[in-house]
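Presented below is the structure to which this report refers.
Numbering (this note's numbering), first residue to last: 31 to 487.
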């Protein structure tokens, strides 16, 4: 067989790497290419990442309540940490010290709730018994001022046979199970918070050692310092809230005692605690109960209590709270107010309660890493305005100086023309007495060489 010439135009080109040559596709045929090998793996990895993200998001939303309870327990443990540490330094075991602190808090809370509950139950019973008398007084006032003919029997019959009351009773009967579930859920949350806070307070040193064991020595010192700052700031926040609760309780006690409202001490303690330790809606909850009790004495007293609550709340928001919070927690009042708004937007009432100590802790911790310099002695630092440029005298001052110079240059000519008959000495003395002193020569004006020689001699 004769050898063919592979150098012709129709001969396939050999591959420079040594792979077999590929034939060109036929006319009208589409080249078939296979799927890249990395594409299936990339698709599987993307689907796996999406699945992990969805699973993590679902788990986070399911555990959000538990995480919030743990956060509350942590700040509660920080609040009682000084008392537990002080008792432990005197030789008592931390577990026993924590138990005694929690026992004292439980006794105080239970006594307050029991006293308040008995008072509230007695007042509700009294209101129910005296409700016909209140209704008669209201009906008489309406008939007298509006010239109507209302009767209590007609109002009672209309109220008992109304559709609104029937629907309310039905909804209340069906909602008993929901209320019971909410009460049990609240008790379980309190138990969870109590257990975690007891663990954080009793095993605080062990928890710190476990946390520091996974960090290098430099990071360990930073973590311990941040922990100490958090304890100080949280304690300061609790102190400021307790002080504001005391001031609020005393102010409301004076009002309630002046009006002759019963159970004034208990109501004052209720207003002080609820208005300070339940943010956002605590003020309204605290003021509702004194208004209700005051209404049983005189309806006008309830109006006076409402006015006092509103006025005192404004005084507390704009005068008392910013100063006390800024002094005890050491943050600016604007920062404290903004942190409360941000905490409420993120975590609701819990965020509003713990936002100020959290921000104060973060600010104090980061303050050690911010390098500070000496402030220049500039008038603008103290709030005084200066002129633009080199900070020289103002425009009015420079215009006055220029006017004085021109007046000083024109006065000798006028004096010489007016006193031509006077002697030279008299004219010179009068001119010298009336002329202002010549300004000192500036750097731009050359000095007289004669003056320099006379000075040197």
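Here a beta-carbon is modelled for each residue, glycine too, at the ideal position from N, C-alpha and C.
Among 327, 431, 433 and 436, nearest to residue 156 - alpha-carbon criterion: 327
Excluding sequence positions up to five away, which residues of its chain have a Cβ less than 6 Å from the Cβ of residue 388? none
Local conformation of residue 348 per DSSP, three classes: helix
Skipping 5 residues on each side, what residues in its chain have a beta carbon closer than 8 Å to that of residue 253? 238, 241, 242 and 245
Where the alpha helix (DSSP H) through residue 116 begins and ends: 94-119
For the alpha helix (DSSP H) containing residue 401, list its first residue and its last residue. Note, residue 401: premise wrong, no alpha helix (DSSP H); not H, not E.
Helix, strand or coil at residue 340 according to DSSP, with G and I counted as helix: helix
Length of the line joining the Cα atoms of residue 386 and residue 337: 29 Å
Sorted by chain position, which residues of the same chain lie with C-beta nearer than 7 Å to residue 65's C-beta, five sequence neighbours on each side aside? none
Do the CB positions of residue 103 and residue 218 come within less than 8 Å of each other? no
Taking three-plus beta-carbon pairs below 8 Å as touching, is the segment 257-271 in contact with the segment 124-138? no
Could you tell me which whole alpha helix (DSSP H) segments of length 4 or greater appear in the segment 297-334? 312-327
Just verifying my parser: in three-state terms, what is the DSSP assignment at residue 122? coil
Note down the Cα distance separating residue 382 from residue 170, rounded to an integer number of angstroms. 47 Å
Below 6 Å CB to CB, which residues in the same chain sit around residue 89 once its five sequence neighbours on both sides are set aside? none
Three or more C-beta pairs closer than 8 Å, one from the segment 286-301 and one from the segment 140-149: is that the case here? yes
With DSSP as the reference, label residue 245 as helix, strand or coil. coil
Inter-stretch contact (C-beta, 8 Å, three-pair minimum) for the segment 278-286 and the segment 337-355: yes
Just the C-alpha distance for residue 109 and residue 80, rounded to the nearest angstrom, thanks. 41 Å
Take residue 228 as the anchor and find which of 105, 163 and 128 has the nearest alpha-carbon. 128
Does DSSP put residue 266 in a helix, in a strand, or in coil? helix
Check whether the Cβ atoms of residue 306 and residue 275 sit closer than 8 Å, and answer yes or no. yes
Taking all protein chains shown into account, do 16 or more other C-beta atoms lie within 10 angstroms of the C-beta of residue 68, making it buried, or fewer, making it exposed? exposed
Own chain partners of residue 349 with C-beta closer than 6 Å, once the 5 adjacent residues on each side are dropped: none
Backbone CA spacing between residue 99 and residue 221 [nearest angstrom]: 10 Å
Compute the Euclidean distance between the alpha carbons of residue 140 and residue 271, then round it to the nearest angstrom. 20 Å
Assign residue 97 to buried or exposed, taking buried as 16 or more other Cβ atoms, counted over all protein chains shown, within 10 Å of its Cβ. exposed
Mind checking whether residue 232 and residue 121 have CB atoms under 8 Å apart? no
Should residue 316 and residue 301 be called a contact, given that it needs their Cβ atoms to be closer than 8 Å? yes
Please confirm whether residue 291 and residue 331 have their CB atoms less than 8 Å apart. yes
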